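Notes to accompany the following structure.
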Amino acid sequence: MLSRIANSLFWMGRYLERVEHTARYIKVHYYSELDAPLDSKEEFIFESIMTMIDEDMKITGDGELKEKQLLFSITLDEKNPASIISGIGYARENARGARDSISSELWGGINRFYHFINGYSEEDLHKEGIHVLCDRITEHCSIVNGYIDNTLLHNEAWSLIRLGIHVERAFQITRILYSKVKDIQSLQKQYLSKSMESYECVTMLKSAEAFDMSKIYYRGVPNIREALEFLILNRNFPKSICYNLRHIHHAVEKIATSKQHHAGSIEFKVGKLFNTYEYLTIEDIEKRDIPEFLNDTLLDLFEIAQGLEEKYLSN
Amino acid sequence: MMKDAPLELPKKAILDNYEMCEGLYDEIFDANQNAREHYKILVEDFGKLKPEDYTKLNDYAKISFFNQGITFAVYSESLKGVERIFPFDLMPRIIAAKEWEHVEKGLIQRNLAINHFLYDIYHDKKILRDKVVPADLVFSSNFYVREMIGINPPGNIYTHICGTDIIRHNDGHYYVLEDNVRCPSGVSYVLSNRETMKKVFSNGFLHHDVRSIDDYPHQLLEMMVSMAPEGVDDPTCVVMSPGMYNSAYYEHSFLAQNMGIQLVEGRDLFVDKNFVYMKTIHGPTKIDVIYRRVDDEFIDPLCFRAGSYLGVPGLMSAYRAGNVTLINAPGTGVADDKAVYIYMPDIIRYYLNEEPILKNVRTYRCELEEDYRFVMENMHNLVVKPVDESGGYGILIGSRASQEELEEFRTLITGNRRKYIAQPIMSLSVHGTFIESESAFEQRHIDLRTFSLMSKDKQFVLKGGLSRVALTRGSLVVNSSQGGGSKDTWVLEE
Amino acid sequence: MSDHHIDYNIEYYSKNTYKETATEGIFEFNVSPCNEEGQILVDYKIKQTLSDSVFRQSNLFGFEINRIRSTAKFEEFYFRYQARVQKARIPLPGVPAWNLEKELEELLSDQFFINHHVFLCPSFYTRLPEQQLSLVPVYDKKISPLDYLKTLNDHVHASMKYESNATSVTTKAGDALALSKGVCQDFAHVFIAMARYNGIPARYVSGYLHQGINYVGSSFMHAWVEAYVPGMGWIGFDPTNNILVDEHFIKVSHGADYADCSPIKGVLRTNGDSVMAYDVKVMSQQSQQ
Chain A
2 MLSRIANSLF WMGRYLERVE HTARYIKVHY YSELDAPLDS KEEFIFESIM
52 TMIDEDMKIT GDGELKEKQL LFSITLDEKN PASIISGIGY ARENARGARD
102 SISSELWGGI NRFYHFINGY SEEDLHKEGI HVLCDRITEH CSIVNGYIDN
152 TLLHNEAWSL IRLGIHVERA FQITRILYSK VKDIQSLQKQ YLSKSMESYE
202 CVTMLKSAEA FDMSKIYYRG VPNIREALEF LILNRNFPKS ICYNLRHIHH
252 AVEKIATSKQ HHAGSIEFKV GKLFNTYEYL TIEDIEKRDI PEFLNDTLLD
302 LFEIAQGLEE KYLSN
Chain B
71 MMKDAPLELP KKAILDNYEM CEGLYDEIFD ANQNAREHYK ILVEDFGKLK
121 PEDYTKLNDY AKISFFNQGI TFAVYSESLK GVERIFPFDL MPRIIAAKEW
171 EHVEKGLIQR NLAINHFLYD IYHDKKILRD KVVPADLVFS SNFYVREMIG
221 INPPGNIYTH ICGTDIIRHN DGHYYVLEDN VRCPSGVSYV LSNRETMKKV
271 FSNGFLHHDV RSIDDYPHQL LEMMVSMAPE GVDDPTCVVM SPGMYNSAYY
321 EHSFLAQNMG IQLVEGRDLF VDKNFVYMKT IHGPTKIDVI YRRVDDEFID
371 PLCFRAGSYL GVPGLMSAYR AGNVTLINAP GTGVADDKAV YIYMPDIIRY
421 YLNEEPILKN VRTYRCELEE DYRFVMENMH NLVVKPVDES GGYGILIGSR
471 ASQEELEEFR TLITGNRRKY IAQPIMSLSV HGTFIESESA FEQRHIDLRT
521 FSLMSKDKQF VLKGGLSRVA LTRGSLVVNS SQGGGSKDTW VLEE
Chain C
41 MSDHHIDYNI EYYSKNTYKE TATEGIFEFN VSPCNEEGQI LVDYKIKQTL
91 SDSVFRQSNL FGFEINRIRS TAKFEEFYFR YQARVQKARI PLPGVPAWNL
141 EKELEELLSD QFFINHHVFL CPSFYTRLPE QQLSLVPVYD KKISPLDYLK
191 TLNDHVHASM KYESNATSVT TKAGDALALS KGVCQDFAHV FIAMARYNGI
241 PARYVSGYLH QGINYVGSSF MHAWVEAYVP GMGWIGFDPT NNILVDEHFI
291 KVSHGADYAD CSPIKGVLRT NGDSVMAYDV KVMSQQSQQ
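Residue numbers (my numbering), protein chains in the order written: chain A, 2 to 316; chain B, 71 to 564; chain C, 41 to 329.
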């Protein structure tokens with residue numbers, strides 16, 4: 002496979018995952034926090050969504066106007082490279098660049114997704130509400146993901162798309178955990194109500210679509226400790242860091258030129274990181290500062306993403 | 071009993087109001103408004119359709135193109151290109167078996183002669199020495215490539231792929247309008263049009279013996295494989311594209327995918343010790359045959375235009391060393407220089423000792439004094455074309471031009487007489503075409519872009535081709551870049 | 041130094057430095073003296089820091105090109121070419137070999153045009169704009185082409201002033217003529233444009249110039265012209281110095297114009313600017329002793 006095509010497939014996966022994540026994040030934060038036990042909820046909601054857009058994007062309005070601007074900017078604004086519409090555009094450009102390596106079904110799915118979002122106007126958004134749009138986006142993402150898994154040969158091309166998806170997901174989940182843990186820590190310092198803390202914990206789980214499954218796993222609403230354990234270490238939950246590291250590892254093994262990995266090679270680093278997490282416990286993590294631990298995870302992920310780019314994806 | 075119920079008006083069938091203009095050759099109906107023999111069944115089939123049925127089919131076809139991403143981007147000042155589908159007309163153009171046989175023979179004859187001509191002008195130059203074609207005309211062509219002098223491409227084939235444009239004049243004869251022997255495009259639309267037609271209008275195929283076109287990708291690949299450099303048994307073939315911002319990118323990826331070979335860009339390739347390699351995730355892979363959809367001047371920044379990022383530095387020297395085959399060969403553009411076109415009948419006679427089967431349009435070379443004077447005086451009755459452009463760019467149709475435009479062209483021609491030729495305005499034949507805004511069929515001018523392949527001992531002509539339609543009433547410009555549409559083209563079995 | 045020939049030691053050196061790391065690069069050096077009548081390339085060596093090996097091949101006109109290609113990222117590289125060349129002393133062309141009638145018959149024949157079209161048709165650097173054609177001294181065909189070419193050499197030398205920074209490598213004959221200034225490359229292009237306009241084949245030559253003599257343009261690679269005289273073949277003219285080419289000129293290659301002879305051509309991937317340092321040394325045996 003051409004390195005350029007590999008690069009396109011990888012980034013197609015990353016952008017698709019990023020779009021899905023953005024839509025989910027907006028939905029959870031915008032709606033779940035409407036009834037948050039907080040005084041200045043509006044500011045809080047805006048703050049958390051604002052972290053997702055470029056600092057250079059100017060949101061000038063106030064109140065309702067500000068909300069409208071913000072929601073437009075993060076979803077339909079083509080000038081904002083972090084918006085959903087931009088993300089889908091990039092995913093499609095990458096798919097187009099690798100058109101001959103993917104199925105017509107997958108291409109058709111991405112193409113329909115693209116035409117859907119481009120045909121969706123700002124008026125539609127304000128009329129129907131952000132929830133409808135985010136639901137439709139999530140649906141399209143699921144359809145595309147279905148095509149990825151069910152219409153492609155599970156060969157190098159597929160592994161590269163999956164690699165992109167899992168790298169992106171690992172990044173996003175780690176970032177969410179990092180900011181949520183920070184939030185909770187600052188709430189604890191301010192001796193705010195316990196209800197706010199558990200509220201944040203639920204939002205964190207919902208942001209990763211993990212609320213339902215964690216309740217089943219822990220037979221009840223998990224506490225902070227359990228929530229972190231679930232999202233970092235659960236081997237069978239598709240959004241956990243550990244799960245994603247395992248799949249990054251699988252994908253890398255599948256595209257690796259040789260099965261002999263010398264120390265310091267990217268394949269070696271991936272295997273080492275994945276194995277570390279497989280045999281980690283929440284107690285081990287608690288012995289350290291959790292934000293620091295998550296920050297280290299981010300740095301490890303950066304190193305891996307860079308190593309992959311250098312070895313397989315640059316041309 | 072239901073006396074008062076409103077009577078349902080019988081809705082008119084779609085061809086009932088078809089208007090015919092005098093003096094034009096209509097492909098469907100003869101001068102007495104009777105359907106021509108090979109169109110009878112089709113006219114009957116279409117005669118059953120009401121405009122609303124037709125509109126439904128039409129919409130379905132459009133959606134099908136859109137979702138397959140068979141679009142081209144029109145770039146403007148806005149942030150990103152607007153995607154459009156090529157307008158497609160559901161009523162096919164039909165060519166009777168006998169007539170096609172004649173066209174096909176004519177195309178093969180012409181392409182063989184062009185290939186002889188190219189070999190000759192890059193070797194002994196006999197045709198120039200015998201003064202059949204003026205030497206200065208050939209050497210002054212923008213597409214004459216010195217690097218090809220003395221080079222022997224595999225099988226001495228230069229024009230592996232030809233996209234000859236033919237028209238039918240109102241005298242009923244076919245004429246060749248242009249020989250496109252550089253990077254002719256459009257074949258993916260022929261194949262996609264057919265796919266869509268089969269889905270939307272399957273009845274038509276049950277009622278006609280339409281000759282199949284599906285094997286084009288196979289024929290193309292077979293030709294590429296047969297053109298491998300000497301000593302290479304199992305060649306690696308690729309399609310090389312300028313990239314996805316090129317307006318024909320859809321076609322490039324379509325062809326690569328349908329041949330099951332890699333689509334590459336210049337930046338995917340490099341040359342080492344005069345061999346060409348592509349960069350893969352598992353290291354370099356040698357490649358042997360490149361169907362390049364990149365123009366000559368961009369293929370190698372070391373050899374031609376410096377600073378081109380579309381090409382591969384060193385590609386020409388690898389080619390000259392015989393280590394890689396380029397399809398088409400560089401330097402073929404001399405043969406589709408519109409001033410060289412004038413000599414095509416002589417070129418056929420010179421190399422093949424045969425009379426040309428397809429006619430040439432009378433063409434005036436502005437470089438010649440007499441022709442120049444004629445063109446200057448009669449421009450309002452002529453089409454003026456630059457010799458080295460394609461896609462319908464830079465053309466003046468005298469009868470429709472304003473005084474200012476005519477004056478502008480007089481200045482242009484006088485400034486560079488080598489660059490312009492002129493032809494009488496040919497009356498392209500017309501074909502019934504569904505016009506959405508009128509919900510009716512109207513006559514529109516059409517031409518035919520044909521596709522031929524040439525390898526050592528084999529000539530293949532795609533049965534039919536791309537019938538291009540000028541969608542504006544009365545317009546003679548069919549190019550897609552100028553708002554033209556297309557039709558599926560059916561060549562019937564005997 | 042002997043009476044029959046001169047031994048030269050020639051060195052070409054260039055060093056390219058890039059502000060940003062270059063990820064890929066390919067370069068062609070057209071600096072190697074050719075073998076031709078009266079000139080022998082005795083031996084040479086190359087030292088360079090870009091690639092594992094140097095790939096040698098012939099260009100369109102049969103001259104040897106040295107190609108190097110990077111295999112890893114780089115911020116700078118140098119290329120040093122050293123050669124020993126033996127150059128015979130040959131008599132300068134005196135009188136034409138054929139009579140005028142025979143010369144003209146050949147010069148004006150269609151076959152002649154077809155055979156020499158590469159050096160007769162205008163090329164990128166040598167195409168003169170319409171309005172400058174009146175500046176070309178017309179060959180009236182009353183004298184031998186050789187004599188006309190000598191006057192043309194005079195004419196170009198007299199109408200242009202040698203000035204280092206007035207023009208660049210992209211300057212065409214027309215621009216240099218309009219400025220009446222330039223370097224050896226511009227003098228050569230103007231000469232070629234004018235000779236071709238008069239139907240005499242002319243080609244661009246690049247090479248080295250003996251540094252022991254006070255010639256203009258010897259500190260870098262030099263450019264001159266060869267023009268075709270029926271019955272005699274290609275004769276060298278140096279319009280920069282207004283002389284005929286002799287044993288002090290060491291030829292590297294010829295072509296239609298500068299584009300065929302540029303000493304270094306390259307394509308690389310980098311985001312930043314580059315600086316090139318370049319030096320030429322041409323020493324005869326005698327001046328070394």
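Glycine included, every Cβ here is placed at the ideal spot set by N, Cα and C.
In this text the structure is predicted, and so the values were computed from the model without any measurement.
By the criterion of Cβ-Cβ separation under 7 Å, what are the contact partners of residue i in chain B?
| i | result |
| --- | --- |
| C/D187 | Those within 7 Å of C/D187 in chain B number zero; the least Cβ separation is about 27 Å. |
| A/T258 | H352 |
| C/R109 | D342 |
| C/Q97 | N344, S387 |
| C/L100 | R216, E217 |
Under 8 Å between beta-carbons, which chain B residues line up against residue i? List them in chain order, please.
| i | result |
| --- | --- |
| C/Q151 | R199 |
| C/H157 | A205, F209 |
If contacts are defined as beta-carbon pairs under 8 Å, then residue i and residue j qualify, I think. What distance do you get, rounded to the angstrom?
| i | j | result |
| --- | --- | --- |
| B/R535 | B/V308 | Here the sequence assigns Gly to residue 535 of chain B, which means Arg is not the residue at that position. Actually they do not touch by this definition, with Cβ atoms about 25 Å apart. |
| B/G220 | B/H186 | Rounded, the Cβ-Cβ distance is 17 Å, inconsistent with contact. |
| C/H45 | C/A128 | 5 Å |
| C/V223 | C/S204 | 6 Å |
| A/V20 | A/I89 | 6 Å |
| A/E198 | A/K181 | At roughly 11 Å, the Cβ-Cβ gap does not stay under 8 Å, so A/E198 and A/K181 are not in contact. |
Can you name the residues of chain A whose CB is closer than 9 Å to the CB of residue i?
| i | result |
| --- | --- |
| B/M314 | E94, R97, G98, R100 |
For residue i versus residue j, is the C-beta spacing smaller than 8 Å?
| i | j | result |
| --- | --- | --- |
| A/A211 | A/F231 | yes |
| B/V445 | B/D358 | no |
| C/S279 | C/F69 | According to the sequence as given, residue 279 of chain C is Pro; it is not Ser. Taking 8 Å as the Cβ cut-off, C/P279 and C/F69 do not qualify as a contacting pair. |
| B/S522 | B/V531 | yes |
| B/Q493 | B/V548 | no |
| B/M32 | B/T229 | Limits of chain B in this structure are 71 at one end and 564 at the other, which puts residue 32 of chain B out of reach. |
| B/G381 | B/Y214 | no |
| C/T61 | C/E143 | no |
| A/L77 | A/L126 | yes |
| B/G502 | B/M161 | yes |
| B/Y286 | B/N226 | no |
| C/Y298 | C/V209 | yes |
Would you mind telling me which residues of chain B sit closer than 9 Å to residue i, beta carbon to beta carbon, in chain order?
| i | result |
| --- | --- |
| A/M2 | Q332, T350, I351, H352 |
Check the Cβ of residue i against every Cβ in chain A and list those closer than 7 Å, keeping chain order.
| i | result |
| --- | --- |
| B/S323 | R100, D101 |
| task | Select from the segment 384-400 of chain B all residues with a C-beta closer than 7 Å to any C-beta belonging to chain C, and list them in chain order. | result | The residues in question are G384, S387.
| request: Compile a chain-ordered list of the residues in the segment 341-354 of chain B whose CB is closer than 9 Å to at least one CB of chain A. | output: Those would be M348, K349, T350, I351, H352, G353, in chain order.
| task | Using a Cβ-Cβ cut-off of less than 8 Å, list which residues of the segment 365-376 of chain B approach chain C; keep chain order. | result | Correct list: P371, L372, A376.
| query | If you scan the segment 153-240 of chain A from start to end, which runs of the alpha helix (DSSP H) of 4 or more residues do you find wholly inside it? | reply | Runs of the alpha helix (DSSP H) inside the segment 153-240 of chain A: 157-190, 195-208, 212-219, 225-234.
| Which runs of the beta strand (DSSP E) spanning at least 3 residues fall entirely within the segment 516-545 of chain B, listed in chain order? | DSSP runs (the beta strand (DSSP E)) wholly in the segment 516-545 of chain B: 522-525, 528-531, 536-540.
| field | Cβ-based contacts, 8 Å cut-off: residues of the segment 123-141 of chain B near chain A | value | Residues F136, N137, Q138, G139.
| Quick one, which residues of the segment 203-223 of chain B are near chain C if we go by CB-CB under 7 Å, in chain order? | Those would be A205, F209, S210, R216, E217, in chain order.
| said: Short of 8 Å Cβ to Cβ, which residues in the segment 167-200 of chain B face chain C? | reply: So the close ones are K195, L198, R199.
| message | Beta carbons nearer than 8 Å to chain A: which residues of the segment 326-342 of chain B have them? | response | Under the 8 Å Cβ criterion, the segment 326-342 of chain B contributes A326, Q327, Q332, L333, V334, E335, R337, D338.
| message | Output needed in chain order: residues of the segment 191-219 of chain C with a Cβ under 7 Å from some Cβ in chain B. | response | Against chain B - using a Cβ distance shorter than 7 Å - the segment 191-219 of chain C contributes no residues.
| When Cβ atoms are compared, which residues of the segment 61-75 of chain C fall closer than 8 Å to chain B? | Look at the segment 61-75 of chain C: the residues with a C-beta under 8 Å from a C-beta of chain B are E64, I66, E68.
| Against chain B: residues of the segment 3-36 of chain A by CB proximity under 9 Å | Here the close residues are L3, S4, R5, I6, A7.
| Relative to chain B, which residues along the segment 304-315 of chain A have a C-beta separation below 7 Å, given in chain order? | Under the 7 Å Cβ criterion, the segment 304-315 of chain A contributes Y313.
| request: Could you pull out every unbroken alpha helix (DSSP H) segment of at least 4 residues lying fully inside the segment 158-241 of chain C, listed in chain order? | output: Runs found: 185-199, 213-219, 224-237.
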